DNA sequence: CGCACCCCCTGCCGGC
DNA sequence: TGCCGGCAGGGGGTGC
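Numbering (the numbering used here), first residue to last: 3 to 272.
Rendered as structure tokens:
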């Protein structure tokens, strides 16, 4: 579910709701996420104040007042929602964080592919090993060109490799490649410099536009206040197999690429 | 090192 | 109507 635009939308909402809040109690209802929560997870958070909320790729970083970082990855179905402690709990509400202002941060994740870690920032970033931020100047034509030349894999696989560029998943890889007019299944090393230039530009345009529309909600993505995004209404290719290309009316095709669905227009991306 | 394949887990949808 | 297989926005491990 959540890729960079969704995580950034969640971050912005939580920043407004959680900054400066002290955690008074943590209730763990299900510790078995992608990796089990640390045994002392609740103890490490209780009493801490949230001083800043950052994003790196698809990870949220909650900066705590003891210089440690609480890192959250939402996996496919994770949601962080601020609500009232009186609100009824749902199945798959795994972690409850009670705040000084009498509100509650609720972690909901049916598939439990999410991840939470607490520790020193440098240890955690070594552990995640993320590549450059796609919206930073570090993600440029020279950088991506070198990466395309150095590997024998498709361009879509390269864009989705978090060690190369952090935050792009299946939705945005497909949308970026449509706008760059590059077919997802092409081998990255065969691309022209012009095509790589278009991909870098399209990456920044698509991700910024998706953030502006508060991300994409296919089924269960919600931001920190429980609201869906609307970028799914602006997809050109993702989830549109058989529907007409918005640019040329050719039916959109789907092929499996690296085990995941690749969507493209056979006319625009040729 | 890359990569094909499998796993993790639940929910939903379409076909039979 | 109900069951079953396939698929889903995430990542990681293994064996070749």
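Even glycine gets a Cβ: it sits at the ideal position worked out from N, Cα and C. Computed from a prediction, not measured in an experiment: that's the story for all the values here.
Beta-bridge partners of residue i, as assigned by DSSP
i	result
residue 2	Outside the shown range of the chain, which is 3 to 272, sits residue 2, and nothing can be said about it.
residue 61	58, 75
residue 134	167
residue 38	34
Same chain only: Cβ atoms within 7 Å of residue i, ignoring 5 sequence neighbours per side
i	result
residue 236	215
residue 94	110, 111, 112
residue 268	252, 255
residue 130	61
residue 17	55
residue 257	187, 264
residue 123	71
Span separating the alpha-carbon of residue i from that of residue j
i	j	result
residue 189	residue 145	17 Å
residue 83	residue 51	18 Å
residue 134	residue 225	24 Å
residue 253	residue 180	13 Å
residue 61	residue 242	28 Å
residue 264	residue 227	31 Å
residue 74	residue 151	33 Å
residue 170	residue 55	20 Å
residue 118	residue 66	14 Å
residue 90	residue 218	26 Å
residue 239	residue 121	40 Å
residue 262	residue 172	8 Å
residue 212	residue 159	21 Å
residue 26	residue 128	30 Å
residue 57	residue 272	35 Å
residue 29	residue 148	47 Å
residue 167	residue 63	18 Å
residue 155	residue 201	16 Å
residue 210	residue 139	14 Å
residue 100	residue 38	21 Å
residue 14	residue 21	10 Å
residue 98	residue 92	12 Å
residue 107	residue 79	16 Å
residue 96	residue 68	25 Å
Residue j beta carbon less than 8 Å from that of residue i
i	j	result
residue 161	residue 178	yes
residue 231	residue 11	yes
residue 4	residue 233	no
residue 132	residue 165	yes
residue 207	residue 143	no
residue 71	residue 19	no
residue 259	residue 192	no
residue 141	residue 205	yes
Contact set for residue i: own chain, Cβ-Cβ below 6 Å, skip 5 residues either direction
i	result
residue 24	51, 102
residue 203	none
residue 46	120
residue 175	158, 161, 162
residue 76	4, 116
residue 105	84
residue 185	266, 271
residue 221	none
Same chain, Cβ closer than 8 Å to residue i, neighbours up to 5 away in sequence not counted
i	result
residue 270	180, 183, 247, 249, 250, 252
residue 223	3, 4, 8, 81, 217, 230, 231
residue 153	160, 190, 191
Residue i CB to nearest heavy atom of the ligand PLP below 7 Å
i	result
residue 125	Among the components of this structure there are no ligands whatsoever, and the ligand PLP is therefore not found.
Quick test of the definition: if touching needs 3 or more C-beta pairs under 8 Å, does the segment 111-130 touch the segment 33-41? Yes, the segment 111-130 touches the segment 33-41.
Count Cβ pairs between the segment 74-92 and the segment 42-58 that sit closer than 8 Å; are there 3 or more? No, the segment 74-92 does not touch the segment 42-58.
Assess, as a yes-or-no matter, whether the segment 253-270 is touched by the segment 38-48 under the definition of 3 or more beta carbon pairs within less than 8 Å. Contact between the segment 38-48 and the segment 253-270 is absent, because fewer than three Cβ pairs lie under 8 Å.
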